[in-house]
Every structure is written in structure tokens, then in C-alpha cells.
Amino acid sequence: MSVAELTALSAAQAIEAIERGDTDATELFEAYRGAAAADELNAYLWVPDAAPEQAPPVGAPLRGVPLAVKDLFCTQGVPSQAGSKILEGYRPPYTATVVSKLAQAGAPLLGKTNQDEFAMGSSNENSAYGPVLNPWDRARVPGGSSGGSAAAVAAGSAPWAIGTDTGGSIRQPAALCGIVGLKPTYGAVSRYGMIAFASSLDQAGPLTRDVTDAALLLGHMVGHDARDSTSVGFPGEIARPTARALAGIRLGVPEELSGEGIEPGVLGAFNATLRLAEQLGATIETCHLPHAPHALSAYYVLAPAEASSNLARYDGVRYGRRAHNGGGLLELYTRSRSEGFGAEVKRRVMLGTYSLSSGYYEAYYGRAQRVRTKIAEDFRAAFDRFDFVVTPTAPSVAFELGSKVDDPLAMYLNDYCTVPMSLAGIPAISIPNGLSDGLPTGFQLAGPAFSENAILDAAYALEQALGFDGSAGRAA
Amino acid sequence: MIDREQVLHVARLARLELTEEEVARMSGELSAVLDHIEKIGELDLDGVAPTTHVVEVSNALRPDEPAPSLPREVALEQAPAVADGGFLVPSPQAAR
Chain B
1 MSVAELTALS
11 AAQAIEAIER
21 GDTDATELFE
31 AYRGAAAADE
41 LNAYLWVPDA
51 APEQAPPVGA
61 PLRGVPLAVK
71 DLFCTQGVPS
81 QAGSKILEGY
91 RPPYTATVVS
101 KLAQAGAPLL
111 GKTNQDEFAM
121 GSSNENSAYG
131 PVLNPWDRAR
141 VPGGSSGGSA
151 AAVAAGSAPW
161 AIGTDTGGSI
171 RQPAALCGIV
181 GLKPTYGAVS
191 RYGMIAFASS
201 LDQAGPLTRD
211 VTDAALLLGH
221 MVGHDARDST
231 SVGFPGEIAR
241 PTARALAGIR
251 LGVPEELSGE
261 GIEPGVLGAF
271 NATLRLAEQL
281 GATIETCHLP
291 HAPHALSAYY
301 VLAPAEASSN
311 LARYDGVRYG
321 RRAHNGGGLL
331 ELYTRSRSEG
341 FGAEVKRRVM
351 LGTYSLSSGY
361 YEAYYGRAQR
371 VRTKIAEDFR
381 AAFDRFDFVV
391 TPTAPSVAFE
401 LGSKVDDPLA
411 MYLNDYCTVP
421 MSLAGIPAIS
431 IPNGLSDGLP
441 TGFQLAGPAF
451 SENAILDAAY
461 ALEQALGFDG
471 SAGRAA
Chain C
477 MIDREQVLHV
487 ARLARLELTE
497 EEVARMSGEL
507 SAVLDHIEKI
517 GELDLDGVAP
527 TTHVVEVSNA
537 LRPDEPAPSL
547 PREVALEQAP
557 AVADGGFLVP
567 SPQAAR
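Chains as they are written, first to last, in this note's numbering: chain B, 1 to 476; chain C, 477 to 572.
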């Protein structure tokens with residue numbers, strides 16, 4: 001098969017092509033390795049020189065379909081820099097559990113993808129290695145923080161990818177790049193070997209061209225890991241979605257997340273999909289998440305607080321960048337961190353340190369944890385009446401590079417519709433929801449903890465009815 | 477709201493050395509973000525339990541069995557400076 005034919009296949013189709021004998025794992029890997037090495041979007045930070053010498057394990061279900069991996073997943077002997085200068089050249093001595101599991105299942109490492117530094121950002125402009133460009137319009141951002149993974153999948157230089165989502169870092173770039181992104185239930189996937197941002201929120205998930213691929217990839221990611229004591233695994237198997245209708249499905253549309261602040265074109269596409277869902281048999285009703293408007297505030301206390309603690313380990317002693325200008329131990333720490341961290345990371349470390357500092361802890365951190373409880377209660381109440389809560393994924397389409405870098409608060413508002421689910425620890429998917437002004441928009445479905453199979457089924461039914469064509473992104 | 481002195485105090489706690497320009501910018505930016513965050517002060521949260529973790533896992537313990545860990549030379553491989561099988565750092569007592 002030609003390179004163009006190979007890279008046009010979804011991952012599920014590529015697996016079938018290998019099983020039929022139309023291609024093999026090496027030919028497929030080489031096709032994608034070439035595409036990744038030729039990438040002009042700055043989506044990749046590392047691509048191997050050759051296909052793996054070892055064939056995928058015998059009988060491995062993913063058959064050798066290669067996987068793009070966000071930079072912050074540790075990969076033994078391969079640069080893992082989390083988009084940061086402070087980890088420049090770092091080659092970890094071990095591999096993240098989820099990357100090992102996927103390699104074992106037959107998805108070898110295709111490359112490491114660009115990201116916002118330590119996953120802090122919504123535009124990929126906070127990477128120390130330069131911004132990623134959106135394949136639909138190179139003057140625009142791909143979203144973030146998993147912007148490299150999203151752009152690579154959308155541009156067809158990877159069949160699929162993994163990313164991490166702390167407040168929307170899988171779902172928002174998926175929406176802005178016209179692909180599928182799923183944040184699993186907190187604890188479903190091991191965090192071992194993921195360079196930490198905010199440990200009570202971070203969760204790995206798939207970024208794929210379609211819902212079927214998302215289910216396929218997720219199925220090999222979930223599972224308890226003795227090395228992550230917060231992992232609980234997944235009850236049962238992730239099934240391949242098959243639903244063609246939404247008969248009897250009750251969709252709740254939270255008033256707080258589907259009106260004010262959402263761009264008209266995005267809202268129009270969202271409402272059109274609600275009507276489509278109705279035609280497929282779903283019932284649509286307005287619902288309320290009264291505390292959702294406070295989710296962003298709580299998130300921007302909790303996540304920076306956890307980050308300020310997690311990032312204390314970067315001190316120039318055991319790994320990573322060390323400042324070379326003399327002085328004592330304290331100067332070594334301070335200078336290494338000041339030289340190594342970018343502006344947004346410093347901002348969040350400062351914010352987190354402030355809210356945890358003596359005299360402010362209860363007013364900020366303590367209250368934010370209580371808001372988190374109320375948000376989880378809001379969702380529980382909604383799920384008594386509805387199967388899913390649905391919202392636009394991001395308030396706008398992809399914005400122009402540089403347009404929000406000087407206004408942190410405007411940048412943080414990108415996470416308005418995705419942060420509430422993160423705080424509640426519940427699963428949510430973003431699927432391509434048509435275009436607004438020629439740019440992709442996303443439709444988000446969220447369900448109760450461990451409802452991934454139901455979410456994937458509903459998303460699949462909508463995807464089939466929507467018939468979104470992502471090939472324009474791949475032609476870029 | 478967050479003044480220069482507070483910025484410098486927090487930077488010391490966070491082991492960050494900020495340039496004069498960064499101090500000025502940080503003061504404005506943190507104040508704007510904190511203004512937004514302070515809206516949670518308006519909520520009635522009396523009697524609401526804090527959520528530290530969304531998954532109910534308690535006392536996740538592993539069996540107390542010895543197992544090999546990273547060999548010393550592997551653990552030291554990525555260190556910027558090494559001496560006598562350990563991480564090399566300047567003396568904490570070195571003059572400021």
C-alpha cells in the first residue's frame with residue numbers, strides 16, 4: 001500500500017489491513033515515521049530513526065499500529081521533557097505503565113509530542129520548544145496542553161495518540177483540531193511514569209480520529225497498577241461501540257455551561273447536534289449544575305497548589321537542568337528553577353505557593369476543596385435524572401497564535417466547560433461537531449464514574465449521524 | 477492586591493528568583509487571577525466536607541516484600557554532577 005493509502009486509514013482500519021495481509025507493521029510504521037519526521041506543525045519533539053527491531057508481540061491485538069505519546073510520559077532512554085527546559089535532554093530510566101501496556105498490546109512508540117510546559121496551558125504556546133500549529137489553519141493554536149498529540153492525529157502524522165487531561169488538556173485540543181478526545185474516570189488509568197502536574201486531577205486518555213479508535217485504545221490503557229496507589233482500574237472491559245440510535249437516552253444541558261461566554265458559531269453547532277440527538281431518540285432537557293460557574297476558580301486554586309508541590313522536585317540535583325553560576329545549595333536550587341521554568345509555570349507555582357502559604361490556606365485551598373465537593377454533588381444530582389450531561393467542549397474555535405498569551409485569565413477561560421468534570425473525577429469525551437467559520441468545534445458528553453462504555457456508545461451514534469469529515473485537517 | 481513585598485515573599489518560599497520585570501508583571505497577573513478566584517468566598521460552604529480525592533481508596537498498601545529497586549548507577553545516570561556514588565551539591569553552608 002502507498003504511504004497516502006496507509007495514513008488515510010483509521011487505527012481500526014489499519015489493524016484490519018494488517019490482519020488481511022494488505023500491509024504489515026513495519027510498512028505501516030515506516031509510513032508514519034516518515035510523516036512524523038516531515039511534520040511542519042512542530043507537533044513532535046522526538047521521532048525514532050528507524051522502525052523498532054522487534055516485531056509487536058505475537059497475537060498483540062493492536063498489530064503494530066504506532067502510537068504518538070505526549071512528551072510528559074516517561075519513556076526509557078527516550079527524551080521525556082514535559083515541554084520544559086528544566087528537563088532538556090532528560091532520558092528516564094523507566095517507562096510509564098500506560099506506554100508499556102500499549103507497547104505490549106502492539107502499539108509501539110512513534111514519537112514524543114509537543115505540549116505546554118508541564119501540561120500548563122490551553123494553547124501549546126507555553127512549550128519551551130515552540131508552539132504547535134493547528135493543521136486546519138496554521139496561524140491558529142491547536143489547543144492544549146496535549147496540542148502536539150491532537151495536531152499529529154488531526155494532520156495524519158499519527159494514527160492515534162495519548163495525552164493527559166487535568167482540566168481539559170485532552171478534550172479542548174481534540175475539539176480545536178477536529179478529532180476525538182476522551183478523559184477517563186480518575187483512577188481508571190495508571191499515572192505511574194506520567195510527569196505530574198496536579199496529581200488529584202491528572203488522567204491519561206486517547207486522542208483519535210474516531211470514537212471506535214478511542215474505545216480500542218482506551219481498552220488497553222485501563223487497569224489497576226500496583227505502582228499507582230490511586231489507580232483502581234476499570235470494572236469489566238471497554239467494548240467496541242455499536243449503537244446507532246439514542247432511544248431512551250436522557251441528555252441534560254446545563255444552563256451554566258451552554259450559554260453565556262460561548263461563541264455564537266460554537267453554540268449554533270452545539271444546538272444543531274442537540275436536535276440531531278433528538279431525532280436519534282434522545283430526550284433533551286435543561287439541567288443545572290449550580291456550582292459549575294465556580295469550578296474554574298476552585299480549579300485554579302487546587303491545580304496550581306498541587307503543581308507547586310509536585311514541581312518542588314526540580315532543583316538541579318538529581319536530573320534535569322542545573323544552573324552553573326556558583327553560590328551555595330540554596331542558590332543552586334533557586335537559579336536552576338528560575339532559569340529552567342517558563343513564565344506560565346512560574347506563575348502557577350507562585351499562585352499555588354501563595355494559596356498554600358500560612359494565613360491563606362483555609363481561604364483558598366480549604367474553600368476550593370469544599371467547592372469541589374459541591375460540584376461532585378451537582379453532577380450526582382444531575383445523573384439521577386439524566387444519562388449524560390452535554391456541553392460545547394470549548395467556548396470558542398481555535399484562536400490565533402499570540403492572541404491570549406498576555407492575558408492569563410482569558411486563557412484560563414478556555415477550560416470553562418471541561419474543568420467541572422475534572423474536579424468531579426468523571427469521564428467525558430469530546431467528538432468533532434462540525435465547523436464554525438471553517439474551524440472545528442467539539443461536543444462534550446460526560447457521564448457518571450466508570451460510564452465509559454455508555455459514553456462511547458452514545459458518542460458513536462452521534463458521530464455516525466454527524467458524518468464529520470476530518471480529511472481537510474489531514475490534507476493540510 | 478498582591479503587592480511587591482508579597483510577590484518577593486512567595487518567590488522565596490517557591491525557591492524562585494524573579495527579575496524586576498517579572499516581579500512587576502507577577503503582581504498584576506496574580507492579582508487579576510486572585511480577584512476571579514475570590515468569588516468562591518461568596519459561597520456558603522459551612523458544613524461541607526472538603527474533597528481531597530475523588531476516588532474512594534483508603535490505605536492502599538502493598539505487601540511488605542523486598543524487591544529490587546533502581547540500581548545506583550542507573551539512578552545517578554541523569555544527575556548533573558556525581559561524586560563518590562552520590563549526587564554532588566555545593567555545601568549548604570557556602571557563603572551567600
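Cβ coordinates follow ideal geometry from the N, Cα and C atoms, glycine included.
Please read all numbers here as calculations on a predicted model, not as lab measurements.
The alpha helix (DSSP H) spanning residue i covers which residue range?
i	result
Thr-286(B)	Per DSSP, Thr-286(B) belongs to no alpha helix (DSSP H); it is in the beta strand (DSSP E), 283–287.
Ala-508(C)	496–513
Ser-100(B)	97–104
Thr-273(B)	264–279
Thr-75(B)	Premise fails: Thr-75(B) is in no alpha helix (DSSP H) and is neither H nor E.
Gly-326(B)	Run containing Gly-326(B): none; DSSP gives neither H nor E here.
Ala-31(B)	25–37
Gly-352(B)	343–356
His-485(C)	480–489
Considering residue i, what are the terminal residues of the beta strand (DSSP E) in which it resides?
i	result
Phe-388(B)	388–392
Phe-443(B)	439–446
Pro-173(B)	Run containing Pro-173(B): none in the beta strand (DSSP E); it sits in the alpha helix (DSSP H), 171–177.
Ala-292(B)	It is not in any beta strand (DSSP E) - Ala-292(B) carries neither H nor E in the DSSP assignment.
Thr-113(B)	109–113
Gly-181(B)	180–183
Val-68(B)	Looking at the sequence itself, residue 68(B) is Ala, so the reference to Val does not match. Run containing Ala-68(B): 67–70, per the beta strand (DSSP E) assignment.
Gly-250(B)	Per the sequence presented here, residue 250(B) reads as Arg, with Gly not at that position. First-last of the beta strand (DSSP E) with Arg-250(B): 250–254.
Leu-45(B)	44–46
Does the distance between the C-beta of residue i and the nearest non-hydrogen atom of the ligand MN fall short of 7 Å?
i	result
Lys-515(C)	Among the ligands in the structure shown, none appear at all, so the ligand MN cannot be discussed.
List, in order along the chain, the chain C residues whose C-beta lies closer than 8 Å to that of residue i?
i	result
Arg-335(B)	Glu-493
Ala-424(B)	Val-530
Gly-316(B)	Pro-556
Residue j and residue i - do their beta-carbons sit closer together than 8 Å?
i	j	result
Ala-152(B)	Ala-43(B)	yes
Thr-373(B)	Val-524(C)	yes
Leu-110(B)	Ala-103(B)	no
Tyr-300(B)	Val-509(C)	yes
Pro-184(B)	Val-232(B)	no
Ala-96(B)	Phe-73(B)	yes
Asp-378(B)	Pro-290(B)	yes
Gln-81(B)	Leu-45(B)	yes
Asp-116(B)	Gly-83(B)	yes
Pro-304(B)	Arg-367(B)	no
Gln-554(C)	Arg-91(B)	yes
Ala-31(B)	Leu-176(B)	no
Ala-198(B)	Leu-87(B)	no
Ile-249(B)	Asp-22(B)	no
Since residue i meets chain C, which of its residues come closer than 7 Å, beta carbon to beta carbon?
i	result
His-220(B)	None at all; the shortest Cβ gap to chain C is about 21 Å.
Leu-351(B)	Leu-506 and Val-509
His-294(B)	Lys-515, Ile-516 and Leu-519
Ala-196(B)	Those do not exist, as Ala-196(B) stays about 15 Å from chain C at its closest Cβ, beyond 7 Å.
Tyr-460(B)	Under the 7 Å cutoff, chain C gives no residues; its nearest Cβ is about 26 Å from Tyr-460(B).
Round the Cβ separation of residue i and residue j to the nearest angstrom and send it over; I've been treating them as touching at under 8 Å.
i	j	result
Ala-428(B)	Gln-444(B)	6 Å
Phe-563(C)	Val-317(B)	5 Å
Asn-178(B)	Pro-440(B)	It should be pointed out that residue 178(B) corresponds to Gly in this sequence rather than to Asn. That belief holds up - the Cβ atoms of Gly-178(B) and Pro-440(B) are roughly 3 Å apart, short of 8 Å.
Tyr-460(B)	Val-211(B)	4 Å
Trp-160(B)	Leu-67(B)	6 Å
Ala-215(B)	Ala-239(B)	7 Å
Ala-25(B)	Pro-56(B)	6 Å
Tyr-412(B)	Gly-261(B)	Between Gly-261(B) and Tyr-412(B) the Cβ distance is about 12 Å, and since that is not below 8 Å, they are no contact.
Gly-181(B)	Ser-430(B)	5 Å
Along chain B, which residues have their Cβ under 8 Å away from the Cβ of residue i?
i	result
Gly-517(C)	Ala-363 and Arg-367
Ser-567(C)	Gly-328 and Leu-329
Met-502(C)	Lys-346, Arg-347 and Met-350
Val-486(C)	Met-350, Thr-353, Tyr-354 and Ser-357
Taking Cβ-Cβ distances shorter than 9 Å, what residues in chain C pair up with residue i?
i	result
Leu-409(B)	Glu-505, Ala-508, Val-509, Asp-511 and His-512
Leu-182(B)	Simply none; closest approach about 17 Å.
Tyr-186(B)	His-529, Val-530 and Val-531
Strictly below 7 Å CB to CB, what residues from chain B border residue i?
i	result
Pro-542(C)	In chain order: nothing, as chain B lies at least about 15 Å away.
Arg-538(C)	Ala-226
Identify the contact partners of residue i in chain B, using a Cβ-Cβ distance below 9 Å as the criterion.
i	result
Glu-553(C)	Arg-91, Pro-93 and Tyr-319
Val-499(C)	The contacting residues do not exist; Val-499(C) stays about 10 Å from chain B at best.
In chain order, which alpha helix (DSSP H) runs of at least 4 residues are fully inside the region 186–231 of chain B?
Complete alpha helix (DSSP H) runs here, min 4: 211–219.
Those runs of the beta strand (DSSP E) which lie wholly inside the region 412–473 of chain B and span at least 3 residues:
Entirely contained in the region 412–473 of chain B, the beta strand (DSSP E) runs reaching 3 residues are, in chain order, 428–436 and 439–446.
Hey, which unbroken runs of the alpha helix (DSSP H) at 4 residues or more fall wholly within the region 122–174 of chain B?
List check, alpha helix (DSSP H) in window: 147–155.
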